[in-house]
Structures are given as C-alpha cells and as structure tokens.
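Read the structure below first, then the notes.
There are 2 protein chains.
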Amino acid sequence: MVYGIIGTGAIGGYYGAKLARAGKDVHFLLHSDYDYVCKHGLVINSCDGDFMLPSVQAYDASFKMPQCDVVIVAMKSTNQSVVPDLIRPLLKEDTLVLLIQNGIGLEPDLQQSFPNLHIAAGLAFICSGKTEPGVISHQCYGSINIGNYSCKNSQMLSSMIADFRDSGIETNELEYYEARWKKAVWNMPFNGMTVVMNAKTDELLQCKSTRQLIRRQMKEVVNAANALGVTALNDDFIEKMIDMTDSMTPYSPSMKLDFDYNRPMEVNYLYSRPIYEASKVGCDMPCLKMLEEELLFIESKRKHL
Amino acid sequence: MVYGIIGTGAIGGYYGAKLARAGKDVHFLLHSDYDYVCKHGLVINSCDGDFMLPSVQAYDASFKMPQCDVVIVAMKSTNQSVVPDLIRPLLKEDTLVLLIQNGIGLEPDLQQSFPNLHIAAGLAFICSGKTEPGVISHQCYGSINIGNYSCKNSQMLSSMIADFRDSGIETNELEYYEARWKKAVWNMPFNGMTVVMNAKTDELLQCKSTRQLIRRQMKEVVNAANALGVTALNDDFIEKMIDMTDSMTPYSPSMKLDFDYNRPMEVNYLYSRPIYEASKVGCDMPCLKMLEEELLFIESKRKHL
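Chains as they are written, first to last, in our numbering: chain A, 367 to 671; chain B, 367 to 671.
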C-alpha cells in the first residue's frame, strides 16, 4: 500500500511518521519545511517514546508524488478549495482519500469534485503540535475514529485500518455521521470559546457560568446530531466529555492556537457548515450560532492587521 | 420641592445640576469628589452649552442631608444593597424615589425594604461621563423616560416632571414596564457585546455577523417584553434602535467604560434579572443568557487582578 500525506504538520506528520516507522511506503507533501526535512528528516517527540525518521520521502509539490492507494489529507480546512487540485495527481482508480480534518461537510464537498472517489472521514483524538521545522511534539492521546463516507472498496478500507493498527495507532470504525458529530460535541464549544474568552479549557470549566454554557452548547450539538439520525449521542456523552476535559491538562484547542499564532480560523467547517446542516433538519443552535458570529467578528478585525 | 441626589456622577451630577441651575433646591451626596466640589462647585461641559454651579449644597453622608420630596438615585446598580440605608434618612411620608439606573428589577427590590414608598423608574437617554472631580461632560442626547412603579401621589410625580421640564430636561411619561424594557432593547445587546468583543457600537454594526446577532438579541428582549405584557415593542422598534445606533458617534456604553476602567460591571440588573423575569413567563433568551455567562466569566477573571 502506497500512502500520500497531504499536509505534514501536527496531524499528518505524526500519523505519517508512525506509518513510515512501521515500514509502510509513505510519501509526504511539505511546504515551508521541505528543505529542512530533506536534509534532517522528521523528529517525533512523543509521550509514547521519541523517534526520528532520518530519511523521508518528501515532496514540495503534489504532482511530483506517486499515485497512492491511500491519500491522507491533514491540512487545515481554511483553504479547502485547493484540495481537489492538490490530490488529483495522486489518484488512481481505487484510491481511498481519508480526510483527517475537523468539522462537518468536508466529505460531501470533496465528493462534488470527484463523484466516484472513495472517501472516508478520520477524526483524530490527539494533542500534538509542530513546534519547529520537521519536529512534531505529541503530548497525549492519539487514537483515530474512521467513518466511511463513500468507500465502496471495503478491502482497501480494511487494509488501511490494519496498517494503522499495525503501526501502533489505536483505530476505531464508526458510522460516518456518528464519527463526525461525536467529535463536534467537544470541538464546537471548546474551539470557539477558548478564542472568544481568551482562555484554556480548564478556566472555562472552573467558572460556573461558562461551564453551564459549554454544557448547553454541547447539548445543541447532540440535538442536531440526533435530528440528523445519529442515535449514539446523548446526555451521558456530554457528561463524559465534560469529565474528560476536567481531567485533561489545561488545553488550547487548534482554533485557539490558530488565533494565537495569527493564522486563519476554521470557522466555516467547524461552525457555519454544521449550523447550516442542523438548520436543514429544523434544528436551531442559538448559542453556537452566536459563537460563530463572535468568531467572524474577531476574524474580520484581524484581517486589518 | 426639595431634591436629593444620591450619586453625583455622570447621571446624577448632570440632572441635579440642571435642576439646581433652574433654581430648584437640590442637595447632592458626594463621595470621592466631596472636598473638591465644596471648594470649586460643579462644572457641566455640555453640547447644549457649558455652565457651572460655583456653590453646591454638597454632603459626604446621607444622614446629614435634609428630608426630601424627591430622592434621585443615580448610582451604579453594582452596590444596590446599600441603597435602602443610604436613602432612609432622606425619606418623609410622601417622598418620591426616582431610580435613574439601568436594568430590570430595581424598583421591586427597593420596595421590599420600604413597602409603602412611592417609587418611579427613570430611564436616561444620554451620553455623559464624569471626566475629572466635579466635572461632568455631556456629549449628546439627555431626555428621560419616567415610568411610575408605585407612586400613589400623582401630584408629587406631576410636580417633579414639571420641574424637570422647567429645567430644560426633555421628560416623557411611559407605562412602567414599557419604560424599563424599552431601554433594555438597546442596553442588553450593546453593553455586553462591546465588552466581550472589545469594540465600540459602530464596529459591531459594521460587521455583518455581529449586526445580525445584535438584531437577534434585541428580538429576544422584545419577545420577553411582549410576554410580560408590554405591547408597544415590536420589530419596527428594533429597526429604529439599529438605525439610531448607526447614526450615533461610535460609542462605548456604560458597561464598556466600567470594564475599561476596571470597575465592577452591572451584570445582575442588566442581564441576570431580566433573563430570570423572562424565564418566569416562559421566555428563553438564549443569546443574552450566553452573553451574561461570558460577562460573568470575564468578571470572575478580573477579580483576581
């Protein structure tokens, strides 16, 4: 199986390196780090044990990459319109594209460009970051939930999952909508609220008023998911997410890091799109809609910087 | 008619000075500015023409003040529990207490301490501020809406309104709940949103997403007021408020100034209380509830300063 990694950052760099370390044939697309990684390889500083890949199959343009059995897209969704052109050179008849990205609506959007493409969703539960060129710091967690969106080649999907597990990546298969919305229960409240309140997860949960607000925002996601047919989400899951976050090291979610480092925020796929999908089934998300609007205000002011 | 002013700041100082300039018998309670005002009087820099009162009947404690026909309470509501003891020495049998304060629920709370007191609400539409000791800067507007809460002495109320008008204060009489909720339509969205977004009114209205959020928050107030029996508020009034704010000089509402100057914010009477009153008649205010929770989070972090 040939793997292509589109976006060698905190997510793509980590999972790609795990696969490569296990002996899989992995090809990495890089941008700013290309020269550095060609010379020095990739370093993974991980809570599960540090390792490095001295020699990496690195590329500075996707048209130079080989056709792949599995293409893993692990870019931010803020520039999602470039993804079709980026992956086109890597596709062959049975290629499976796995989108390890946050949000709702990514798979249907990509399917519009490639009606017959095999697409799956990957939801990473991981705390990791790219700390310097070619260096990924993995602090904790690391499992992936896979949801099959349109892959009709079950053999390919199973082989990929087997490769993931063989590489030490805890991998679970879930129904597609459940996989996407399950992660949204945590993502939608915490990503935006840490930006708007300029705080980490622990501060938001220690204050009684934001703790109850976050619970209510989670409930909005669960209600929307239920209305969309996802039956596995309920109040118990909300309490599980609150408990889990209570026990976590104080954390800045990816949108907070994007904000802090003055990078664009993933407002569209993390907020606007799920709110729109929920509205289509008659489900209001008033507090998350307000959070989206506050984020768009912040984003509009930053553009003048 | 003898007037007592409890709180000689941007509001009490301005209206009290207007009354005194017109020859009314006005007694001012001061705190930090007492010595300065005793020596130098009060200066009003006003868009309608500057004036000064060289000699002011000033007091540093309310028990030194005479009994009054009208007591005007113009303090911030953040320390409302001290109001009964402050005004007690000024009260005689027919005293009318006018609360020129922002928020919902102030009159019933005061009535609990004085079951037979004559109380009215005063809603000031004014841009003014205390810029230095004894100096009030009045930038624009200045009218007052009066709502009779429990005054059974209609003669006293009429005399006060006549004195206000005689002093050049544009004064309108409205039904009590209409007077209070009408101002809340503007106050609830703009006070909190300028704090949470750290912006002035114009920026919030120029951004499409916060403009629609503010309209939705105003709608929550109108719906609550309607449910509480106020029929005069509707969508037209919302558009009038938006238009008026569009035409205003970029403005920081009082809560934003309190935030900027590190003073406590009036979250209770501006948010918690109206949200509670609305909930009692089955009316949700999801976006204003979220705004309240965001403000309480900000307030909880400031207390550690």
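For glycine and all other residues, C-beta sits at the position ideal for the given N, C-alpha and C. From a predicted model like this one, the values you see are computed outputs, not experimental measurements.
Within-8 Å CB hit, residue i to chain E
i	result
CYS493/A	In the displayed structure, chain E is absent; the protein chains listed are A and B.
Status (buried if at least 16 other CB within 10 Å, exposed otherwise) for residue i
i	result
MET610/B	exposed
HIS484/A	buried
MET432/B	One detail in the question is off: residue 432/B reads as Pro in this sequence, not Met. Classification for PRO432/B: exposed.
SER520/A	exposed
TYR369/B	buried
PRO619/B	buried
ARG639/B	buried
GLU473/A	buried
ALA644/B	buried
CYS493/B	buried
LYS384/A	buried
VAL449/A	buried
GLU536/B	exposed
VAL647/B	exposed
LYS622/A	buried
SER575/B	buried
GLY389/B	exposed
Own chain, CB closer than 6 Å to residue i, minus 5 neighbours either side, in chain order
i	result
PRO455/A	SER428 and PHE429
ASP426/B	TYR400
LYS496/A	GLY375, ALA376 and ILE502
SER382/B	Just to set this straight, residue 382/B is Gly in the shown sequence, not Ser. So the qualifying residues of the chain are ILE371, VAL392 and PHE394.
LEU540/A	ASN511 and GLY513
8 Å contact criterion, which residue i and residue j should meet: CB distance rounded
i	j	result
ILE410/A	ASP416/A	6 Å
ILE372/A	GLY378/A	7 Å
ILE466/B	ILE438/B	6 Å
LYS566/B	TYR617/B	6 Å
GLY500/B	LEU464/B	Not a contact, Cβ separation roughly 23 Å.
CYS404/B	ALA424/B	5 Å
Residue i versus residue j: straight-line alpha-carbon distance, rounded
i	j	result
GLU586/A	SER516/B	42 Å
SER479/B	ASP451/B	9 Å
ILE512/B	SER524/B	11 Å
SER421/A	GLU632/A	32 Å
ASN600/B	TYR507/B	23 Å
VAL436/B	GLU658/B	33 Å
SER533/A	LEU419/A	14 Å
LYS548/A	ALA591/A	8 Å
TYR635/A	LEU408/B	57 Å
TYR637/B	LEU661/B	9 Å
LEU462/B	PHE556/B	31 Å
ASN468/A	ALA545/A	11 Å
ASN628/B	MET441/B	17 Å
PHE491/B	ASP624/B	18 Å
VAL562/A	ASP475/A	28 Å
LEU457/B	PRO481/B	13 Å
THR560/A	ASP568/A	10 Å
ASP460/B	ILE453/B	14 Å
ASN589/B	CYS649/A	20 Å
ILE527/A	SER412/A	22 Å
Contact list for residue i against chain A, beta-carbon separation under 9 Å
i	result
VAL562/B	VAL562, MET563 and GLU660
Cross-chain neighbours of residue i in chain B, by beta carbon under 8 Å
i	result
SER398/A	Those within 8 Å of SER398/A in chain B number zero; the least Cβ separation is about 31 Å.
VAL625/A	A small fix is needed here, since residue 625/A is Phe in this sequence, not Val. By Cβ distance, chain B contributes nothing, its closest Cβ being about 14 Å from PHE625/A, past 8 Å.
Contacts of residue i in chain A (Cβ-Cβ under 7 Å)
i	result
MET631/B	Here the premise fails: no neighbours, minimum Cβ distance about 13 Å.
MET526/B	In chain order: nothing, as chain A lies at least about 39 Å away.
MET656/B	LEU579, CYS653 and MET656
Close-in-space but distant-in-sequence residues of the same chain around residue i (CB under 7 Å, 5 per side omitted)
i	result
ASN514/A	ALA486, LEU523 and TYR542
ILE358/B	The structure shown does not extend to residue 358/B, since chain B is modelled only from 367 through 671, so no value can be given for it.
LYS518/A	HIS484
ARG582/A	CYS653
HIS406/B	GLY500
Chain-ordered chain B contacts of residue i [CB-CB under 7 Å]
i	result
THR444/A	Neighbours of THR444/A on chain B: none; closest Cβ ~17 Å, over 7 Å.
PHE556/A	The contacting residues do not exist; PHE556/A stays about 14 Å from chain B at best.
8 Å Cβ shell around residue i - same chain, five flanking residues per side excluded
i	result
MET607/B	VAL551, TRP552 and MET584
ASP414/A	HIS504, GLY508 and GLY534
LEU571/A	ARG577, ILE580, ILE608, THR611 and ASP612
GLU665/A	PRO630, MET631 and VAL633
Per-residue contacts from residue i into chain A (C-beta, under 8 Å)
i	result
SER666/B	CYS573 and SER575
heavy atom of the ligand MG below 7 Å from residue i C-beta
i	result
PRO455/A	Here there are no bound small molecules, and the ligand MG is not part of this structure.
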